[in-house]
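Numbering that gives the first Met the number 0 numbers the first residue of the sequence shown as 0 and each following residue consecutively. Note that CB positions come from ideal geometry on N, CA and C, so glycine has one too. Please read all numbers here as calculations on a predicted model, not as lab measurements.
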Amino acid sequence: MIYRIDETTSTNDEARDAKYRHGDIVWAERQTAGRGQRGHTWTSPEGENLTFSMVLEPRFLPVGEQFLLSEAVTLALTDTFAAYGIDTRIKWTNDIYVGDRKLVGILIEHNHAGASLSRTIAGIGINVNQTAFDPALPNPVSLAQAGGRKFNRSRLLETFLVRCLRRYAQLERGEKETLQHAYRERMYRLGEQHPYRLPDGTLFQAAIEGVLPSGELILRHADGTRHEYLFREIEFVIAGKQGNAGPAKK
């Protein structure tokens, strides 16, 4: 069920309320303390975009396989946009891009019960009908810009809900390899040589080969060696981004 509210601190905070159960979505027009990955804040003009959180209760999923849930959510987003004729790619770990521009930011937060997940909140921000962005934002794009038209936000969210529950059902049925294959095929920069940066500032060229079930990014360096990187151990360098030739920020 989709619950639409006028204002909250953060939809992820609101979605923690026990009244929301598996499959529920909390959609807020205004967030006074919206947040994203790496501790960044998330702001959005009222009435133009979608800022929401989805509640999932994957009690069957071991903690060590939680990245598979991220794969299901991001694939559901690309499924949704494909239904509207817009081709998107997943920038590891879970941003959604159109070309080299960021369309969606995601913050997934998990609760555990022993060795398994108990409750997951997937906070999602989609640039829908916004066409003028703060110049301080590095590389934003909206569906309206990508598709050349305005979108009905309610219908878009309903489409996502259906697609997400469908991908979640695949995970619940144990179709892990299917999800992993689909995620890999939709990865941003898959198989292409591009620059990356290590935390110490070292730049190097590499090509994405895929991602492990546990979430590590697999890169083939220009010298032919293969390396695996955890979140925060590697950053994308994207031409044209503010602060780039520097790392991509979430």
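With a threshold of 16 other beta carbon atoms within 10 Å, isoleucine 4 falls short and is exposed. Beta-bridge analysis with DSSP links leucine 202 to Arg196.
Rounded to whole angstroms, the gap between the alpha carbons of leucine 155 and glycine 122 is 16 Å.
When the five nearest sequence neighbours on each side are left out, the beta carbons in the same chain lying within less than 7 Å of the beta carbon of leucine 164 are those of Gly22, in order along the chain. DSSP lists Thr50, Gly104 as the bridge partner or partners of glycine 124. Rounded to whole angstroms, the separation of the alpha carbons of glutamate 191 and isoleucine 120 is 32 Å. Remark: C-beta atoms of arginine 166 and alanine 75 approach each other more closely than 7 Å. Annotated three-state conformation of glycine 173 is coil, per DSSP. Separation of glycine 63 and phenylalanine 230 (C-alpha to C-alpha, rounded to the nearest whole angstrom) is 15 Å. Aspartate 94 counts as buried, since at least 16 other C-beta atoms from the protein chains shown sit within 10 angstroms of its C-beta. CA-to-CA, the gap between alanine 205 and tryptophan 91 works out to about 14 Å.
In the structure shown, glutamine 179 adopts helical secondary structure according to DSSP, grouped into three states.
The stretch 103 to 119 makes contact with the stretch 46 to 59; the number of CB pairs closer than 8 Å reaches 3 or more. For leucine 218, the enclosing beta strand (DSSP E) begins and ends at 216 to 220. Membership of threonine 10 in the alpha helix (DSSP H) is indicated by the continuous run 10 to 14. Taking tyrosine 182 as reference, the option from Ala71, Thr31, Thr8 with the minimal CA-CA separation is Ala71.
Closest in C-alpha terms to glutamate 184, from the list Asp86, Ile1, Asn128, comes Asp86. Within the stretch 132 to 174, complete beta strand (DSSP E) segments of at least 3 residues are not found at all. Secondary structure note for valine 97: its beta strand (DSSP E) is the uninterrupted segment 94 to 97. One thing to note: isoleucine 217 has its Cβ within 7 Å of the Cβ of glycine 209. Counted as a single uninterrupted DSSP element, the stretch harbouring glutamate 45 is not any alpha helix (DSSP H), since DSSP gives it neither H nor E. Here DSSP, grouped into helix, strand and coil, assigns alanine 114 to coil. Between valine 127 and glutamate 45, the beta carbon gap of about 12 Å keeps them out of contact (Cβ cut-off 8 Å). Exclusion of the five residues before and after histidine 226 leaves Leu218, His220 as the residues of its chain whose Cβ lies within less than 7 Å of its Cβ.
Its chain contains Ser52, Leu106, Glu108, Ile120, Gly122 as the residues whose beta carbon lies nearer than 7 Å to that of asparagine 11, once the 5 sequence neighbours on both sides are disregarded; these appear in chain order. The C-alpha of leucine 160 lies about 31 Å from the C-alpha of tyrosine 228.
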